[in-house]
Structure formats: C-alpha cells, structure tokens
Amino acid sequence: MRRTVLILLFISIALVSLSAGGEKESMFIGVSVYRFDDAFIGEIRDHLERLSDGDIPIVIRNPENSQNKQNEQIAGFIEEGASAIIVNPVDRTASGVIIEKCRKAGIPLVFFNREPLADDMARWNEVYYVGARAEAAGRFAARIFIDYWEDHPEADRNGDGKLQFVIIKGEPGHQDTELRSEYLMKTLAEAGISLDRLDEESGMWERGKAESLMTQFLITYGDSIEAVFSNNDEMALGAIDALEKAGYFTSGRYMPVIGCDAIPEAYDALSDGTLLGTVLNDAENQAKAIYNIAKELAEGRTPSESAIGFPITDERYVWIPYTMVLQSGDSEYNH
Ligand code: GAL
Ligand code: CA
C-alpha cells in the first residue's frame, strides 16, 4: 500500500514537472512587422532572430503591408497563447485597437519603429515603445550637408547663394518622414542656408520608386538640382541609381546625396563616394531593447533599465540614439 502511494506520488511529481517544463518550452513571443521586404526592418528581424536563439523563441509573421492581416495575426498570437507580442504597425494610428485586444487578453505588447499615438499608449501600462528620435536624424543629415556646403563653394552651381534641392520622402504620416524632413529644413535654415526647394515626393521608403522619382526630377529640373535629401538609404540608393544612369558620378559630375539608416549597402555607397553621408538608425540596439523588454514582460516582470540595458523614459519608452555616418566611414561618435 505504502509503495503504491509512493509510486503514485512519484508519477504525479514527474507529471507536474514535465508539464511545467513543457510550458516553458512552448513559451513564445509573437512578432508582426509591417512588411518583410523593407531593408531596415529586415535588419531588426535578423537581430531579433539572433537574440532569441537559445532564449524565449519568437514567431515572426509578415502582414505584407496590410493592417487587416496584421490584426488577424495578432488575434492569432493571442489564441496561440503568446507570452508577449512585438508589433511594427502597418498603420501607427491602428495601434489603439491592437492595444485593446492585448489588454483584454492580458498579453503585454512592445511596439517599435512606428510610434503609436500618445493617447493609445496611455490605454494600458503593459505597452512599451522602442524607437529613435526622428528630429535628431533630421539634424544630423543637415549637419552633414552644412559641412559639405561650407567646404565646397562650387556646390552652389548657379551661384545664386541659394540651395536648389529635392527631397525624397518616406511614407506620408510616418513620424520619420515628417520629423526628419522638418528638422532637416530647420537646421539648414538655422545655419544660414537660403533654401529653394524644387520638389518633394514620397518614394514610400522604396528604392525602385525613388529611382523613378529621381529620373523624373532630372527630366524636370536637370542640372539645376544642387542636392538630394532622402528620408532613408534605400531611396537614396534609388536616387543614386537614377543619377548614375544620367551620367553623374563619372567624369567629374557630382551630386551630394544624403540618406538615413546606415544599412550595409549604404556603407558601400559611402566608400564609392556616391552617398555623401547617412545617419545610423541603430537596428542592433533597437532590437536588443525590443527583445529584452518583451522577455521581461513575458516572464512577468516590469522592465527595468538594468534588466533591459537601456534607460526607460516616460515609464514606457526607450529611445535609441542616432549617430552621424560620414563618407570617411567614421561617425562623429566612433560607431
Ligand atoms: C524608418 C526607416 C525606413 C523604413 C521605415 C519603416 O525608420 O528609416 O528605412 O524602414 O522606418 O517604418
Ligand atoms: Ca544655387
């Protein structure tokens, strides 16, 4: 009799520990990023994969730039029992709906790259945001150009004392499109450069679209363009493609082009001399902050600076600094 009890006790202990172990193993963090074919977001995905290796696994899904699909994916993660969810929203104004769903299910959320509206962020205390201050990126882009303009009087091609330029913008409504552009202009103006904006269009962050836009700008404005500013590197590279086809960057024909992100291909363009400068949008540290916050939340803790490795502002925001990246390959801050 005693033996049977002991055996039963042993079996039940074994079962309990098995199921506890099983639970830990089946733990996962759901990730939905707005689309997979975005170079910068692709870098963050790679870092997230690497960070989760040997730790809480992640399941990454691609809503292909459809907010409906992303909402379905998030509902799916909730049903499948995700321990935390990471979202790079298709439309940042749709974040409120996502927050409500997760709040009801009690599954903590980490947004990144597309900042939810402050009112939405205030709906629940288990919602975090990891991003970078777009204003700073605009200021750095301007500083790269100001140095160039001051060192190269011939950059004012028509000698009218004004800068004739075009801007290739990112997705309309994205904080990185609006603020990078605004602070770029402000900083150029503060440095005493008279601005003559010839044109601006959205290239939707895409290289191919930017190439067509630049081709169009060259047809319309020709050599009167003195600089090209782009809200990201993909589009700066697209503009460079168009400029190269139009005969720039050979036999002394030059056009200053400035991007943002510092994706690997941008470094090649910097060393080729086709890209004047860019600003590092630090995918690696953003991914670290995102993953560490999600992990802390998934394991039931409130993220702290010491646990995640980055300072937290306004209780639930982590801002990763941008850094300037110049043609020499050096950044001002030795990154
Ligand atoms: C920006 C980045 C762009 C694009 C966009 C997507 O921060 O500079 O290249 O990835 O995010 O939301
Ligand atoms: Ca001029």
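Residue 5 is where the sequence shown starts when you use the numbering used here, and the numbers rise one by one after that.
Ideal placement from N, C-alpha and C gives every residue a C-beta, glycine not left out.
The model shown is predicted, which means the values in this text are computed figures rather than measured ones.
Shown here for residue 175: same chain residues with a beta carbon closer than 7 angstroms to its own, the five before and five after excluded, namely 181, 206, 208 and 209 in chain order. With a cut-off of 7 angstroms, the C-beta of residue 127 is classified as distant from ligand 1, since no heavy atom of the ligand falls inside that distance.
Per the C-alpha coordinates, the member of 269, 244 and 217 positioned closest to residue 258 is 244. Sequence-distant partners of residue 88 (beyond 5 residues in either direction) whose C-beta falls short of 6 angstroms from its own C-beta, in its chain, are 33, 112, 298, 301 and 302. Counting along the chain, the unbroken alpha helix (DSSP H) around residue 242 starts and ends at 237–249. Residue 88: not part of any alpha helix (DSSP H); member of the beta strand (DSSP E) spanning 88–92, first to last residue. One thing to note: residue 160 has its Cβ within 8 angstroms of the Cβ of residue 230. Ligand 1 has no heavy atom closer than 7 angstroms to the beta-carbon of residue 90. Annotation for residue 321 indicates a beta carbon at 7 angstroms or more from all heavy atoms of ligand 1. The residues 124, in chain order, have a CB closer than 6 angstroms to that of residue 100 in the same chain once the five nearest residues on each side in sequence are set aside. When the beta-carbon positions are compared, residue 152 and residue 280 come within less than 8 angstroms of each other. Between the stretch 60–69 and the stretch 268–277, the count of C-beta pairs closer than 8 angstroms stays below three; the two stretches do not touch.
With respect to the C-alpha of residue 164, the residue from 92, 197, 75 and 171 having the closest C-alpha is 197. Considering only 147, 201 and 328, the residue with the shortest C-alpha distance to residue 195 is 147. In the structure shown, residue 226 adopts helical secondary structure according to DSSP, grouped into three states. By alpha-carbon distance to residue 172, the top candidate from 140, 246 and 191 is 246.
As the crow flies, the alpha-carbon of residue 150 is around 18 angstroms from that of residue 236.
With a cutoff of 7 angstroms, residue 199 does not count as near ligand 2, since its C-beta is closer than that to no heavy atom of the ligand.
With fewer than 16 other Cβ atoms from the protein chains shown falling within 10 Å of its own Cβ, residue 223 counts as exposed. Residue 252 sits in coil when the DSSP states are folded into three classes, being neither helix nor strand.
Within the stretch 143–229, the runs of alpha helix (DSSP H) that reach at least 4 residues and sit entirely inside it are, in chain order, 179–194 and 211–225.
A Cβ-Cβ contact shorter than 8 angstroms links residue 143 with residue 191. DSSP places residue 231 inside the beta strand (DSSP E), whose first and last residues are 231–234. CA-to-CA, the gap between residue 69 and residue 162 works out to about 42 angstroms.
Counting along the chain, the unbroken alpha helix (DSSP H) around residue 46 starts and ends at 43–56. Between the beta-carbon of residue 324 and that of residue 52 there is about 14 angstroms, and that puts the pair past the 8 angstroms contact cut. According to the DSSP assignment, residue 65 belongs to the beta strand (DSSP E) that extends over 62–65.
When secondary structure is reduced to three states using DSSP, residue 36 falls in the strand class.
Using a Cβ distance threshold of 8 angstroms, residue 95 and residue 71 count as a contacting pair. Listed in chain order, the alpha helix (DSSP H) elements of length 4 or more contained wholly in the stretch 248–317 are 268–276, 287–302 and 309–312. In the three-state DSSP reduction, residue 31 falls in the coil class, being neither helix nor strand.
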